[in-house]
Every structure is written in structure tokens, then in C-alpha cells.
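A short write-up of the structure that comes next.
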Amino acid sequence: MVEASSDTAPTPSQSKSLLKRLAGPSSAKAGLTNDQSDINRIIAEASKGSKYYENEKKKDKELTERIKRLLQTQNTAMKEADLAQVESTVSHVLIELESLRDTSQIIVHIDADAFFANCELLYNPDLKGKPFGVGKGVLTTASYEARKFGVRSGMAAFIAKKLCPELILLSIHPQRYSDMSKKVMAILARYDPDMLVASCDEAYLNITEYCEQHNVTAEECVSEMRRIVQEETKLTVSAGIAPNRMLAKICSDKNKPNGQFHLPFNSQAIKDFMVDLPVRKVPGIGRVLERMLESIGVTTCGDIFTHRVSIALLDKEFGLRFMLQTYMGIASNVVRPYSREERKSIGAERTFHPLADKDKILQKLEEVAEELENDMTETGWAGRTVTLKYKLDDYQVFTRAKSFERWITKKVDLFATGKELLLPELPLKIRLIGLRVTKLKDLKLSTDSGIKRYFSGPTEQTSPRKKRKISSENNQDVDYNWQDCILLDGDEEDCKTLEDELLSLTKPASPRASAAPEGAVPTHESKPVSAKAAGKKRSIESQISCPLCGKELNTNDNQKVNAHIDFCLSREAIQEADGQLPDAKAKSKSQANAWSWFLDPKTKPRSKGK
1 MVEASSDTAP
11 TPSQSKSLLK
21 RLAGPSSAKA
31 GLTNDQSDIN
41 RIIAEASKGS
51 KYYENEKKKD
61 KELTERIKRL
71 LQTQNTAMKE
81 ADLAQVESTV
91 SHVLIELESL
101 RDTSQIIVHI
111 DADAFFANCE
121 LLYNPDLKGK
131 PFGVGKGVLT
141 TASYEARKFG
151 VRSGMAAFIA
161 KKLCPELILL
171 SIHPQRYSDM
181 SKKVMAILAR
191 YDPDMLVASC
201 DEAYLNITEY
211 CEQHNVTAEE
221 CVSEMRRIVQ
231 EETKLTVSAG
241 IAPNRMLAKI
251 CSDKNKPNGQ
261 FHLPFNSQAI
271 KDFMVDLPVR
281 KVPGIGRVLE
291 RMLESIGVTT
301 CGDIFTHRVS
311 IALLDKEFGL
321 RFMLQTYMGI
331 ASNVVRPYSR
341 EERKSIGAER
351 TFHPLADKDK
361 ILQKLEEVAE
371 ELENDMTETG
381 WAGRTVTLKY
391 KLDDYQVFTR
401 AKSFERWITK
411 KVDLFATGKE
421 LLLPELPLKI
431 RLIGLRVTKL
441 KDLKLSTDSG
451 IKRYFSGPTE
461 QTSPRKKRKI
471 SSENNQDVDY
481 NWQDCILLDG
491 DEEDCKTLED
501 ELLSLTKPAS
511 PRASAAPEGA
521 VPTHESKPVS
531 AKAAGKKRSI
541 ESQISCPLCG
551 KELNTNDNQK
561 VNAHIDFCLS
571 REAIQEADGQ
581 LPDAKAKSKS
591 QANAWSWFLD
601 PKTKPRSKGK
């Protein structure tokens, strides 16, 4: 590997932040050693000279410059603003938020311990007590013995081997995880038939009604629940008990593995719990926001109150209400299953060692098309827009989309469309390829229910992620996108592997001359767009939903469809490169929007208990 040249070497302060960045999004996982300085150094040394390292160094430098501009803005605002008035405004917001606090519901977050790893132990008991990871290229999870060495989900296997030479690497077995997940969820459904399945290994439950009907405390109920899961599946789960989903999720990590934590249901106890909590522990706060907050002195949730004036002055960058809700521990306590109507897309993708051979790339594409056809047939979906996604060996991600006037379900159509979109871009060296279908039609929906759906209007959306659902009528009917579910075993930060953090700026696609299949809307060249361009008023004549953000797009212009999806994939990189930050409304969508289902305390819970 080639060492970075001296003229691009990071500064000492930047080196510290770069080491932390290279540690990956799962550096706060349970079971990892507290002092990770040596681990981070080993990761950096193992990565140095690679395309991944250079990309992360570039992004870290851009973030450093962004923070410099942020601090300049803060200094100017502090000099010009009426600080007393700002503090008074913040006080009123705090009073308003406190009035929204609801501690009447008992919310539980159940999280399986090292789910994939423990599933593998059931099939290979000899692995007990040994450090091992699941995944040959990038780890989807690591055993707790491996985590003691700093090995974690989302980590490249060769780096994990540097940290733990004795590490055993296992292949992924999705069917095993699917079978075990269904068993666990079936047990949990006994306590709340309307539970929310968040991923293959975690769920939210409202046990208020169960506790009242069976005259048991929350702790007794959850303890029994965990015991039964272990007895019937041989797997252990950890739990958090709190008044809302955000707190319950944070609490479920407190006593991992195989433990539970009950947060007292009163305002002062919640504030005391949050005051020393690192901001990174809060769902929705990732590495970038963590470092930006750190630059103004905010490292714990208690620091949010201390620096409330600065945060208010930098509302566009941080989102004042989101940060104050975080400090106060206020969030939504609504728990209910996803409905099929909420689903916006269905897809499949494969990651592999970089390939440049056209035939081998097309073979991978055909495998993805076959997998997607099987998923669509099994779950009962058809669609009119097919999106191709591919990732280069330097971690840049691109998408190309095509819309049809007919419904697409078959492998032959999926593969033909993907091939048509991909061939003009070759030659390329690709490490990931995927297909996603949007503008869906529910094939399981009867004509009668379709009419009812038309007149009743759209259902309320409670989550930006709609890939995993559980039917309220049949809790065994769990519909997973297992590629996504594998990624979800890593850090919650939107649920990405380390690789998915390596997005770079998009580039225009080469012109395509191939003819469109019968019934297709012609596909145009894809170009990067600005946030302003992506947000232009849409046509109501023919629309699809973006598979990433859910935004409805006009299918009459495939160029804009492609550009919008490319923009979604590279939004963070574009913002950092341009030195721009989202406006207040956009920030609401980047921090509290992606987590609005999680944080919005105004959403009323279903009737449970008193």
C-alpha cells in the first residue's frame, strides 16, 4: 500500500478526529472496551494508504473546515444577538416541551444480544467462549469475546484480524436468522400483539395493558418475557423499560448482554438519567453531529442545557427543538406495527470483492434480479420504477432509474432493465450492485379494500424506514428485507455498515443510446443536483417515491428522478464539500425528520391502560 504524501498529512488535531472517524459507526457498541485509543490506532495503521483511508481523511478534513465556519458563525451571532432574549425564548420552548411529557405508557425495547453470532452458536456450540465474527468481507456482528479486542459490526474483516489474529470468520446464513427472529417475535407478541418490529433482532412493545390485566409490574413482565425467550429459543435478549421509545432504546443498552434496565417514570429521574449521557448514545446523533456538538462544548445531554443559547443561535445547524427534546428525554410513546400501505420500495443488493470483468458483474446483477423477483413474489408486490445501484471500488455510489407504464415483477424484466442501465457506464470496477423497485402495487390488496383505501386516504406514517413489518392480524407474518436486516445488526445510525459511510460526490452518467423496453419511459442522463433543485414543485400526474427518503417524484422526467436519488445518496458529502448546511426546515428533516416517528411527543398513543 502507498503511504499518503506529506503534503496531505492530517494536522495533529485532525489526526485525533480522523482516528475516531476511522473507528467506524459502531464504536459505541455494547461489550467494547472503554479505552479504544490503541484500537483506533491499529485500525488507522491497517487502513492507511487504502482508498477507504484516503476517502475518510478527505471527509474528516472537510468536516474540520465546516466546523471552523460554524465557530465563526457562532462568534458573530454571540456578539450581535440579544442573549437575554434568546435565553428567554429557549425557556419558553422548554416549558412547552415539558407540557408534552407523557409517562403514562410502559414502553419496552427488546434487543437480541449479538443476534447473528448467538444464532451461529446454536449450530456450532464449539464457538462458545471464542472470538468470532459473522461475515467474510465486512462483519455484520461480532461475539462479545471478539468485542473485547475492539472487533465490531461494520468493520472490514482484514482490520478485525489485525485487532484479533485468532478471530474466526463465519459465513452469513440469513435463513437461520429469519427462522430464529420469527420465533423470538412470536414470543414477544404474546405481551403486545400490536408491537413494532424495528428489525430482525429488535422490537418495541407497549406492555401497559398487559401489566394491568395480569397484575404484574413492568420489571416482572419483562423479566418473564426474557426468560421465556431464552427457554424457547436458547437466545438471550436485553431490554429497556421507559416512558417512550427513545429512552427505552437507550436503556436496553445499559445492562447488555442478557439484562434489563428500568428507568423511573418521573420527570426529574429522566432528566437525571440524561444529564451525563453522551450525546452519541442518542438515536439520530451520529459521528458528524457528535463532532460538531463537541466543537461548541456539548459532549453530554446535560451540556445541551448549559450551551442552550449557542444551540439556539445555531438552530439551522443543530435543530433547537430536537436538541432540547434530547436533553429532556421527551419522545413519542406510540407503538404500533407497520402497515403494508406504508411500504415504498422493495430491493436486493450484493456486496463482493471488486470486479471489473463485465460478464462477472452481469452474473452478480442476474443473481440480484432473481433474489428480488423471489422477494416480490413471496411478499406480493409489483412496481413501475426500477433503480440500479452500484458502488465502485473507491466507495463512490451511483444510481440509475427507469420507469415503466406496466407493472414489473419478473426477473427477466428486472435483469434487462438493470443491464440496460449498467452497460453504458462500463468499464467500471464495482464492489456492490443492487436493484430496487418503487411505485409499488400491493398484489395482496383486494379490490374492495382498495376502494376503502382510496376513500380513507393514506395512513399516518410513523417511521421513515418501512422495510420490516409485522401484521397486526398475524404476528407471524414478518416481512424482512434481509440484506437491510443484516446491516441493522450494526450501529443504529440509520443502520448502515461501515462501507455505507463511504459515499462520495456523484458524477454525471454517460449518455445512453440503447432502446427502452416496450412500455418504458425513456431514461435520461443522471446529474447531481442541489437541494434546492431536488425540492422543486412536483407534478401530480405521475409520481414515484424515492427509495431513500420517500419523497414523491415526477416520473415524467427520469433525469430528475435519477438526479434526486443520486443526491440522496451523497447529500452529506455534497453539503460538506460545498460548506453548506441545511436550513431550519431541512434540518428538522435531517435530525428530527428521520427520527420524527421516534421523537414526536405530540403523536397520541393508542388506548392502553388508564
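Per UniProt numbering, the very first residue in the sequence shown carries number 1; after that it's consecutive.
The beta carbon of each residue, even a glycine, is placed where N, CA and C say it ideally should be.
All values derive from a computational prediction rather than experimental measurement.
Between which two residues does the beta strand (DSSP E) harbouring residue i extend?
{"i": "I106", "result": "Counting along the chain, I106 falls outside any beta strand (DSSP E), and DSSP gives it neither H nor E."}
{"i": "H173", "result": "Counting along the chain, H173 falls outside any beta strand (DSSP E), and DSSP gives it neither H nor E."}
{"i": "N206", "result": "202 to 206"}
Which residue or residues does DSSP assign as beta-bridge partners of residue i?
{"i": "H262", "result": "I241"}
{"i": "D442", "result": "W381"}
{"i": "L127", "result": "Answer by DSSP bridge pairing: none, since L127 is not bridged."}
{"i": "I346", "result": "V437"}
{"i": "Y395", "result": "DSSP lists no partner for Y395."}
{"i": "P354", "result": "P354 pairs with nothing; no bridge assigned."}
{"i": "G133", "result": "A142, L169"}
{"i": "V386", "result": "K402, V437"}
{"i": "I42", "result": "None, per the DSSP bridge assignment."}
For residue i, report the span of its alpha helix (DSSP H) as first-last.
{"i": "I159", "result": "157 to 163"}
{"i": "A416", "result": "411 to 422"}
{"i": "A198", "result": "First-last for A198: 196 to 199, but that is the beta strand (DSSP E), not the alpha helix (DSSP H)."}
{"i": "Y144", "result": "144 to 147"}
{"i": "Y52", "result": "51 to 80"}
{"i": "T306", "result": "301 to 306"}
{"i": "E224", "result": "218 to 233"}
{"i": "K316", "result": "315 to 318"}
{"i": "E341", "result": "Taken as a continuous stretch (DSSP letters only), E341 belongs to no alpha helix (DSSP H), as it is neither H nor E."}
{"i": "R280", "result": "Where R280 is concerned, there is no enclosing alpha helix (DSSP H), given that its DSSP letter is neither H nor E."}
{"i": "A189", "result": "That residue, A189, is in no alpha helix (DSSP H); it is neither H nor E in DSSP."}
{"i": "I330", "result": "Here I330 belongs to no alpha helix (DSSP H), and DSSP marks it neither H nor E."}
{"i": "A114", "result": "Note, A114: premise wrong, no alpha helix (DSSP H); not H, not E."}
{"i": "E425", "result": "No alpha helix (DSSP H) contains E425, which DSSP labels as neither H nor E."}
Any chance the CB of residue i is under 7 angstroms from a heavy atom of the ligand GDP?
{"i": "I296", "result": "The ligand GDP is not among the ligands present in this structure, which contains no ligands whatsoever."}
Could you pull out every residue in the same chain whose Cβ sits closer than 7 angstroms to the Cβ of residue i, ignoring the five residues on either side in sequence?
{"i": "P278", "result": "T299, T300"}
{"i": "F352", "result": "K364, R431"}
{"i": "A160", "result": "G133, L139, V151, L167"}
{"i": "D303", "result": "G297"}
{"i": "residue 642", "result": "Summary: the structure shown does not reach residue 642, with the chain confined to residues 1 through 610, and so no result is reported for it."}
{"i": "A369", "result": "K411, L414, F415, G418, L435"}
{"i": "I42", "result": "K162, L163"}
{"i": "K128", "result": "L121"}
{"i": "N266", "result": "T103"}
Looking only at its chain, what residues have a beta carbon closer than 6 angstroms to the beta carbon of residue i, apart from the 5 residues adjacent to it on each side?
{"i": "E366", "result": "F415"}
{"i": "Q105", "result": "N206, T208, N333, P605"}
{"i": "S456", "result": "With a pLDDT of only 43 at S456, under the threshold of 50, the placement of this residue in the model should not be trusted; the figure read from the coordinates follows. Excluding sequence neighbours, S456 sits near nothing in its chain."}
{"i": "R340", "result": "D442"}
{"i": "G259", "result": "S238"}
Could you check how far apart the C-beta atoms of residue i and residue j are, in whole angstroms? I think they sit under 8 angstroms.
{"i": "V386", "j": "K402", "result": "6 angstroms"}
{"i": "L435", "j": "L362", "result": "Actually they do not touch by this definition, with Cβ atoms about 13 angstroms apart."}
{"i": "Y390", "j": "I433", "result": "5 angstroms"}
{"i": "P257", "j": "T236", "result": "6 angstroms"}
{"i": "C164", "j": "S181", "result": "No, C164 and S181 are not in contact; Cβ-Cβ is about 27 angstroms, not under 8 angstroms."}
{"i": "A248", "j": "I107", "result": "5 angstroms"}
{"i": "M292", "j": "L70", "result": "6 angstroms"}
{"i": "L440", "j": "W381", "result": "5 angstroms"}
{"i": "K444", "j": "D393", "result": "Their Cβ separation, rounded to whole angstroms, is 40 angstroms, which puts K444 and D393 out of contact at 8 angstroms."}
Please go through the same chain and pick out, in chain order, the residues whose beta-carbon is closer than 8 angstroms to the beta-carbon of residue i, but skip the five residues on each side of it.
{"i": "residue 614", "result": "Because the chain here runs from 1 to 610, residue 614 falls outside it and cannot be looked at."}
{"i": "S15", "result": "none"}
{"i": "L97", "result": "R321, L324, Q325, M328, I330, P601"}
Between the stretch 287 to 300 and the stretch 207 to 226, can you find at least three pairs of beta-carbon atoms closer than 8 angstroms? no
Assess, as a yes-or-no matter, whether the stretch 62 to 77 is touched by the stretch 306 to 319 under the definition of 3 or more beta carbon pairs within less than 8 angstroms. yes
Please determine if the stretch 138 to 145 and the stretch 183 to 200 are in contact, where contact requires at least 3 C-beta pairs separated by less than 8 angstroms. no
Can you confirm whether the stretch 115 to 132 touches the stretch 166 to 179 when touching is taken to mean that 3 or more C-beta pairs between the two stretches lie within less than 8 angstroms? yes
Under 8 angstroms, with one C-beta from each stretch per pair, do the stretch 91 to 98 and the stretch 148 to 161 reach the 3-pair mark? no
State whether the stretch 341 to 349 contacts the stretch 119 to 129, with contact taken as three or more CB pairs (one from each stretch) at a distance under 8 angstroms. no
Between the stretch 264 to 278 and the stretch 323 to 339, are three or more C-beta pairs nearer than 8 angstroms? yes
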